[in-house]
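Note sheet for the following structure.
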Amino acid sequence: MNESFRNNRKKIILAGGNGLIGRILSKYLNLKGYTIIILSRKKSATDKQFQYIQWDGKTPGVWCSGLENAFAVINLTGKSINCIHNEKNKRAILSSRIEPTTALLLGCASCSVPPEIFIQFSSIGYYGDTGHHTCDETTHHGNTFLAGVCKTWEDTFNNFPLPHTRKVVVRCGLVLSPDGGLLPPLMQITRIFAGGAAGNGKQYISWIHHADVAGIISLILQTSHLTGVFNATAPSPVTNASLMSELRKVLHRPPVPAAPAWLIRIIARYLMHTEPSLILEGCRALPANSIAAGYIFYFSELADALQEIIGYRAMKNHLSRII
Numbered sequence: 003m004n005e006s007f008r009n010n011r012k013k014i015i016l017a018g019g020n021g022l023i024g025r026i027l028s029k030y031l032n033l034k035g036y037t038i039i040i041l042s043r044k045k046s047a048t049d050k051q052f053q054y055i056q057w058d059g060k061t062p063g064v065w066c067s068g069l070e071n072a073f074a075v076i077n078l079t080g081k082s083i084n085c086i087h088n089e090k091n092k093r094a095i096l097s098s099r100i101e102p103t104t105a106l107l108l109g110c111a112s113c114s115v116p117p118e119i120f121i122q123f124s125s126i127g128y129y130g131d132t133g134h135h136t137c138d139e140t141t142h143h144g145n146t147f148l149a150g151v152c153k154t155w156e157d158t159f160n161n162f163p164l165p166h167t168r169k170v171v172v173r174c175g176l177v178l179s180p181d182g183g184l185l186p187p188l189m190q191i192t193r194i195f196a197g198g199a200a201g202n203g204k205q206y207i208s209w210i211h212h213a214d215v216a217g218i219i220s221l222i223l224q225t226s227h228l229t230g231v232f233n234a235t236a237p238s239p240v241t242n243a244s245l246m247s248e249l250r251k252v253l254h255r256p257p258v259p260a261a262p263a264w265l266i267r268i269i270a271r272y273l274m275h276t277e278p279s280l281i282l283e284g285c286r287a288l289p290a291n292s293i294a295a296g297y298i299f300y301f302s303e304l305a306d307a308l309q310e311i312i313g314y315r316a317m318k319n320h321l322s323r324i325i
């Protein structure tokens with residue numbers, strides 16, 4: 003039987019559905035035949051093909067009726083960590099995750115027919131700066147600020163009883179997409195011959211192609227016995243130096259010197275207005291549970307992922323101009 007037909011009228015609620023991962027999942031799951039409902043703080047819909055329910059991200063209210071008889075809730079809420087981590091932003095980063103998660107949990111608990119599955123997105127920031135050491139879903143949390151945020155966030159989710167709802171935590175890595183995230187600005191600086199390694203370049207980047215984010219979520223949705231934690235990362239994390247080298251190859255740029263750590267700190271803080279540790283620290287995460295569950299990656303190697311995202315699209319755009 004056609005999968006889209008089987009999924010017909012199954013309702014998936016996306017909280018934080020207007021971000022990069024939300025846009026990826028909403029389009030993919032819509033093509034799979036699910037009805038997509040996005041919880042949004044905005045009054046008007048930004049995409050007419052989806053349903054929107056307004057909420058404040060804090061308080062249970064009339065929006066909770068949208069959770070009734072849903073197949074799945076996927077929580078993607080949270081202020082971007084791409085900022086200076088001063089005390090004000092630290093409080094906002096934490097509260098923007100805890101408050102919506104708590105509201106969603108209370109909403110699910112109030113349903114007479116609660117959602118079958120609740121997928122809580124977290125981050126590989128849970129593991130902190132791992133250096134050259136690998137980590138998987140069994141690894142203890144790190145001791146950085148973001149590791150503490152992820153630990154508190156996941157504890158909020160895991161400690162709330164939802165006996166009739168399957169619960170899954172997805173710790174997501176760096177999503178490679180042409181439509182947002184870190185890749186477009188990295189492409190921009192590489193094109194202007196500034197795409198060298200950051201610092202010593204040894205910090206690991208646990209990346210994932212946007213198609214595999216959707217693929218892992220689809221596997222979790224369709225496999226009723228899967229619970230617990232899943233790293234959404236490719237099985238081959240790379241160093242910062244390797245990432246920039248591959249980018250230069252795809253964009254046909256020559257090698258350039260690395261930017262020293264002190265310069266990265268100045269550029270990050272005063273020009274990019276972001277936390278330098280986001281660039282200079284890394285995580286070498288492996289998707290052990292996704293692989294054990296039988297997931298087969300579309301893109302397990304960085305070179306193939308970048309070629310698909312950048313090289314194929316560049317060729318397609320070139321052909322469209324000359325045909």
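Counting in our numbering, the sequence shown runs from 3 upward without gaps.
Quick reminder that beta carbons are idealized off the backbone N, C-alpha and C, glycines included.
### Message
Rounding to the nearest angstrom, what Cα-Cα distance links K204 and T241 in this structure?
### Response
The residue labelled residue 204 in the question sits at position 202 within the sequence shown. The residue labelled residue 241 in the question sits at position 239 within the sequence shown. K204 and T241: Cα-Cα distance of roughly 5 angstroms.
### Message
Can you confirm whether the stretch 214-222 touches the stretch 168-187 when touching is taken to mean that 3 or more C-beta pairs between the two stretches lie within less than 8 angstroms?
### Response
yes
### Query
If we ignore side chains and look at the alpha-carbon of each, how far apart do E248 and P256 end up?
Position 246 of the sequence shown, counted from the start, is the residue given in the question as residue 248. Position 254 of the sequence shown, counted from the start, is the residue given in the question as residue 256. The straight-line gap from Cα to Cα measures roughly 11 angstroms.
### Task
Please list, in chain order, all residues of the same chain as Y297 whose beta carbon is under 7 angstroms from its beta carbon, the five residues on each side excluded.
Taking the first residue of the sequence shown as position 1, residue 297 is located at position 295. Hits under 7 angstroms: G217, I218 and L221.
### Continuous beta strand (DSSP E) stretch holding C85: start and end
Stepping through the sequence shown from its first residue, residue 85 is reached at position 83. It is not in any beta strand (DSSP E) - C85 carries neither H nor E in the DSSP assignment.
### Every unbroken beta strand (DSSP E) inside the stretch 149-192 [3 residues or more]
168-174 and 176-178
### Query
Should P165 be labelled buried (16 or more other beta-carbon atoms within 10 Å of its own) or exposed?
Numbered from 1 along the sequence shown, position 163 holds the residue referred to as residue 165. By the 10 Å Cβ count, P165 comes out exposed.
### Message
Alpha carbons only, please: which of A213, P278, R168 and A200 is nearest the one belonging to H227?
### Response
By 1-based counting over the sequence shown, the position of residue 227 is 225. When only C-alpha atoms are compared, the closest one is R168.
#### Entry: Limits of the beta strand (DSSP E) - the one that N77 falls within
As a working mapping, residue 77 is identified with position 75 in the sequence shown. Unbroken beta strand (DSSP E) run through N77: A74 to N77.
### Query
Based on the DSSP secondary-structure assignment, which residues constitute the bridge partners of F232?
Reading the sequence shown from its first residue, position 230 is the one you call residue 232. According to DSSP, which records beta bridges pairwise, F232 is partnered with V172.
#### Entry: Nonlocal neighbours in the same chain, by C-beta distance under 7 angstroms from V252, ignoring five residues either side
Residue 252 sits at position 250 when you count from the first residue of the sequence shown. Cβ neighbours of V252 beyond the five flanking positions: L308, Q309, I312 and G313.
### Query
Across which residues does DSSP place R286 in a beta bridge pair?
Start at 1 with the first residue of the sequence shown, and residue 286 comes out as number 284. For R286, which the question treats as bridged, DSSP gives the partners T136.
### Message
So the candidates are N84, D49, L78 and S42; which of them puts its Cα closest to the Cα of W65?
### Response
Taking the sequence shown and counting its residues from 1, one reaches residue 65 at position 63. W65 has its Cα closest to that of S42, out of N84, D49, L78 and S42.
### Cβ neighbour criterion (16 or more within 10 Å) applied to D131
Counted from its first residue, the sequence shown places residue 131 at position 129. Answer is buried; the Cβ neighbour count reaches 16.
### Task
With H326 as the anchor, note down where its beta strand (DSSP E) starts and where it stops.
Nothing can be reported for residue 326, as the shown portion of the chain is limited to 3 through 325.
### Query
Which term fits G264, buried or exposed, when burial requires 16 or more other beta carbons within 10 angstroms of its beta carbon?
The residue you call residue 264 lines up with position 262 of the sequence shown. Residue 264 is actually Trp in this sequence, not Gly. Looking at its Cβ environment, which holds fewer than 16 other Cβ atoms inside 10 Å, W264 is exposed.
### Query
At what residues does the alpha helix (DSSP H) containing Y30 begin and finish?
Along the sequence shown, read from residue 1 onward, the residue named residue 30 stands at position 28. Unbroken alpha helix (DSSP H) run through Y30: L22 to L33.
### Task
Please state if the CB of A74 and the CB of I14 are separated by a distance shorter than 8 angstroms.
Residue 14 sits at position 12 when you count from the first residue of the sequence shown. Residue 74 sits at position 72 when you count from the first residue of the sequence shown. With contacts defined as CB atoms closer than 8 angstroms, I14 and A74 qualify as a contacting pair.
### Task
Look up A260 in the DSSP assignment and say whether it is helix, strand or coil.
On the sequence shown, position 258 is the one that residue 260 refers to. If DSSP states are grouped into helix, strand and coil, A260 belongs with coil.
### Query
DSSP state of L249, grouped into three classes?
Walking along the sequence shown from the start, residue 249 turns up at place 247. L249 falls in the helix class under three-state DSSP.
### Task
Please check the pair G182 and L22, which I expect to be a contact at CB under 8 angstroms, by giving their CB distance rounded to whole angstroms.
Sequence index remark: in the sequence shown, residue 182 carries index 180 (1-based). Sequence index remark: in the sequence shown, residue 22 carries index 20 (1-based). Between L22 and G182 the Cβ distance is about 4 angstroms, and since that is below 8 angstroms, they are a contact.
### Message
By DSSP's criteria, L16 is part of a beta bridge. Which residues make up the other side?
### Response
The count along the sequence shown starts at 1 and reaches residue 16 at position 14. DSSP lists I40 and I76 as partners of L16.
### Task
Find out if the Cβ-Cβ distance for the pair W155, L176 is shorter than 8 angstroms.
Residue mapping note: residue 155 aligns to position 153 of the sequence shown, counting from 1. Residue mapping note: residue 176 aligns to position 174 of the sequence shown, counting from 1. 8 angstroms or more divides the Cβ of W155 from the Cβ of L176.
### Task
Have a look at K34, V151, D214 and K29 and flag the residue whose alpha-carbon is nearest the alpha-carbon of F301.
Indexing the sequence shown from 1 puts residue 301 at position 299. Checking every option, the nearest Cα to that of F301 belongs to D214.
### Query
Ends of the beta strand (DSSP E) at S125?
The sequence position of residue 125 within the sequence shown is 123, counting from 1. That run of the beta strand (DSSP E) goes I119 to S125.
#### Entry: Collapsed DSSP secondary structure at V64 in the structure displayed
The residue given as residue 64 occupies position 62 in the sequence shown. V64 falls in the helix class under three-state DSSP.
### Query
Do you know whose CA, among A295, S67 and Q53, lies nearest S114's CA?
Position 112 of the sequence shown, counted from the start, is the residue given in the question as residue 114. Looking at the Cα atoms, S67 is the closest of the given residues.
### Task
Provide the residue(s) that pair with Y54 in DSSP beta bridges, ordered along the chain.
For the purposes of this step, residue 54 is identified with residue 52 of the sequence shown, where counting begins at 1. Residue pairing from DSSP places Y54 in a beta bridge opposite I40.
### Task
Within its chain, find whatever has a CB closer than 7 angstroms to the CB of E303; leave out the 5 residues flanking it on each side and keep chain order.
Along the sequence shown, one-based indexing puts residue 303 at 301. The beta carbon of E303 lies closer than 7 angstroms to those of S238 in the same chain, with the five residues before and after it left out.
### Query
How many Å lie between G19 and R193 at the Cα?
Taking the first residue of the sequence shown as 1, we reach residue 19 at position 17. Taking the first residue of the sequence shown as 1, we reach residue 193 at position 191. If I take the Cα positions, the gap works out to 31 angstroms.
### Message
Between which residues of its own chain and I40 is the CB-CB distance below 6 angstroms, once the five residues before and five after are set aside?
### Response
For the purposes of this step, residue 40 is identified with residue 38 of the sequence shown, where counting begins at 1. For I40, where only same-chain residues beyond five positions count, the Cβ hits under 6 angstroms are L16, G19, F52 and Y54.
### Message
Taking the beta carbon of P116 as the centre, do at least 16 other beta carbons fall within 10 Å, making it buried, or is it exposed?
### Response
Translated into the one-based positions of the sequence shown, residue 116 becomes position 114. Classification for P116: buried.
### Query
Quick one: is A234 buried, meaning 16 or more other Cβ sit within 10 Å of its Cβ, or exposed?
The count along the sequence shown starts at 1 and reaches residue 234 at position 232. With 16 or more other Cβ atoms within 10 Å, it is buried.
### Task
Go ahead and label Q122 buried or exposed: buried means 16 or more other beta carbons lie within 10 angstroms of its beta carbon, across all protein chains shown.
Walking along the sequence shown from the start, residue 122 turns up at place 120. Classification for Q122: buried.
### Message
Taking the beta carbon of S82 as the centre, do at least 16 other beta carbons fall within 10 Å, making it buried, or is it exposed?
### Response
Taking the sequence shown and counting its residues from 1, the one referred to as residue 82 is at position 80. Flag for S82 reads exposed.
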